[in-house]
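Residue numbers (numbering that gives the first Met the number 0): 0 to 76.
Don't be surprised by glycine CBs; every beta carbon is placed ideally from N, CA and C.
Predicted, not measured: the structure shown is a model, and the values here were computed from it.
So the structure is just underneath, and the comments pick up after that.
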Amino acid sequence: MKLIIITLLSVLLTIGDYTLGLELTRAIYGYVVYSILTSLPFTLAYLILIFVIEFTVIFFMWNNGKKLVKLFSSRIK
Numbered sequence: 000m001k002l003i004i005i006t007l008l009s010v011l012l013t014i015g016d017y018t019l020g021l022e023l024t025r026a027i028y029g030y031v032v033y034s035i036l037t038s039l040p041f042t043l044a045y046l047i048l049i050f051v052i053e054f055t056v057i058f059f060m061w062n063n064g065k066k067l068v069k070l071f072s073s074r075i076k
């Protein structure tokens with residue numbers, strides 16, 4: 000059940016990051032680079048890369064969240 004929740008959350012964040020990345024690319028670099036990024040090979044590679052990063056970060060935070068809170072709170076004291 001935990002992996003299903005992490006996967007769905009990763010997919011949701013991936014869609015948001017992908018949309019934001021495309022809009023920023025179009026605004027900064029122009030329509031030519033935007034059209035290259037929206038081609039199928041670049042889109043698949045970009046989506047897979049974003050999903051793997053999101054999944055790894057969320058999975059790590061989910062499993063080690065309490066340890067990280069203890070680590071950072073002990074350094075503040």
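Between residue i and residue j, is the Cβ-Cβ spacing less than 7 Å?
| i | j | result |
| --- | --- | --- |
| F58 | I4 | no |
| F50 | T24 | no |
Between which two residues does the alpha helix (DSSP H) harbouring residue i extend?
| i | result |
| --- | --- |
| T37 | Run containing T37: none; DSSP gives neither H nor E here. |
| G29 | Here G29 belongs to no alpha helix (DSSP H), and DSSP marks it neither H nor E. |
When the Cα atoms are used, what is the spatial distance from residue i to residue j?
| i | j | result |
| --- | --- | --- |
| V32 | S9 | 26 Å |
| E53 | I47 | 10 Å |
| T37 | L11 | 19 Å |
Inset, instruction - May I ask you to verify whether the stretch 13-26 touches the stretch 36-45, counting CB pairs closer than 8 Å and requiring at least 3? - result: yes
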